[in-house]
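Beneath this line is the structure, given in structure tokens, with notes to follow.
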Amino acid sequence: MEIALSAEEAAHLSQSRRLQPGESCFVQGTDEKRFRAQVIRVGPRTATVLIQEAVDTPPEPKRDLILFLALTKEKALDAVLQKATELGVTRVIIWNSERTPERLPSRALGRVARWQKITSEAAKQSGRVHGAEVVFLAERELLTGHLAAISTRYLLASDSRTSLAQELDNQATKSTSIAIIVGPEGGLNEEEVQWFIGQGALPVSVGPRTLRAETAAIAAAALAQAWCGDLA
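In structure tokens form, the structure reads like this:
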């Protein structure tokens with residue numbers, strides 16, 4: 009059976025994947041069923057594929073991993089959203105911190121849609137069923153309920169002497185979900201740090217070097233997935 013892809017999917021096939029007629033790809037419907045297909049025709053806005061066989065969808069991560077990410081510079085944030093999805097992060101919750109360079113209003117729907125598109129594209133590239141969910145909360149206090157729903161919470165702090173890797177080794181097998189909280193460039197201020205500790209977050213570090221916010225977030229996500237067995 010031949011099917012025509014949407015303009016967005018055709019663009020992904022031709023521009024991101026650079027596939028040619030005769031090459032194989034995978035297609036997935038809204039019901040999350042996945043099929044192996046052969047490219048018949050492809051252009052910048054149109055593409056047709058021949059469905060060949062149903063295939064198993066790749067498993068999602070064994071545990072929910074949620075990044076709580078202070079809003080930071082656009083390029084850095086985009087990189088975290090992309091790499092977090094590739095690594096299997098379940099959800100990214102973004103909020104305005106005191107040192108956020110450009111605070112957003114609560115109804116930043118256009119920005120959230122753009123972020124969600126980044127994770128959707130990363131999911132296609134990495135073979136995930138769907139991208140990490142993106143949530144934006146304008147005020148820190150709105151994070152309370154989200155944090156309370158997660159069994160284990162870590163706050164990245166470069167001055168902490170507690171190793172994230174060691175803590176994950178001790179706790180990951182007991183946790184059904186893990187939160188990693190990452191501040192913006194310049195870090196969280198002391199009042200914010202104490203607030204997160206009050207929410208049950210344990211300050212940890214990812215090594216002896218001072219990392220940029222986006223590097224720290226990606227490194228922490230990779231450590232968490234490795235210790236939980238998702239990268240094994």
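Residue 9 is where the sequence shown starts when you use the numbering used here, and the numbers rise one by one after that. Think of the CB as a built atom: it goes at the ideal place given N, C-alpha and C, for glycine as much as any other residue.
Limits of the unbroken beta strand (DSSP E) element including residue i
i, result
"Leu145", "141-145"
"Arg119", "Element bounds for Arg119: not the beta strand (DSSP E) but the alpha helix (DSSP H), 117-134."
Residue i - DSSP class collapsed to helix/strand/coil
i, result
"Ser168", "coil"
"Thr152", "helix"
"Asp72", "strand"
"Ala15", "helix"
"Glu10", "strand"
"Thr218", "coil"
"Glu200", "helix"
"Gln23", "helix"
"Gly206", "helix"
"Val137", "coil"
"Val97", "coil"
"Glu40", "coil"
"Gln179", "helix"
"Glu82", "helix"
"Gln90", "helix"
Residues near residue i by beta carbon distance below 6 Å, same chain, minus five either side
i, result
"Arg42", "Phe34, Gln36, Val63, Thr65"
"Ile226", "Lys91"
"Leu21", "Leu27, Val50, Ala55"
"Glu222", "Ala84, Ala87, Val88"
Paired residues, beta bridge with residue i - DSSP
i, result
"Ser213", "Ser171"
"Leu77", "Ile102, Val190"
"Val50", "Ala55"
"Arg161", "Ala187"
"Cys33", "Ala45"
8 Å Cβ shell around residue i - same chain, five flanking residues per side excluded
i, result
"Arg49", "Pro29, Ala55, Thr56"
"Thr184", "Arg71, Asp72, Ser159"
"Glu40", "Thr65, Val137, His138"
"Glu31", "Gln46, Val47"
"Ala107", "Rather than Ala, the amino acid found at residue 107 in this sequence is Arg. Cβ within range, chain order: Ala78, Gly191, Pro192, Glu193, Gly194, Gly195, Leu196, Asn197."
"Ala19", "Pro52, Arg53"
"Lys81", "Pro109, Glu193"
N- and C-terminal bounds of the alpha helix (DSSP H) containing residue i
i, result
"Ile59", "First-last for Ile59: 55-63, but that is the beta strand (DSSP E), not the alpha helix (DSSP H)."
"Thr223", "221-235"
Contact set for residue i: own chain, Cβ-Cβ below 7 Å, skip 5 residues either direction
i, result
"Gly237", "Lys70"
"Thr127", "Leu89, Thr93, Gly139, Ala140, Val142"
At a cut of 8 Å, does the stretch 136-148 reach the stretch 110-125 through at least three beta carbon pairs?
The stretch 136-148 is in contact with the stretch 110-125.
Whether or not the stretch 94-101 and the stretch 67-75 are in contact is what I'm after, with contact meaning three or more pairs of Cβ atoms, one per stretch, closer than 8 Å; do they touch?
Yes, the stretch 67-75 touches the stretch 94-101.
If contact is defined by three or more beta carbon pairs under 8 Å, each pair taking one atom from either stretch, is the stretch 161-176 in contact with the stretch 85-98?
no
Does the stretch 159-171 touch the stretch 194-205, meaning 3 or more C-beta pairs lie closer than 8 Å?
Touching, yes, given that three or more Cβ pairs across the two stretches are closer than 8 Å.
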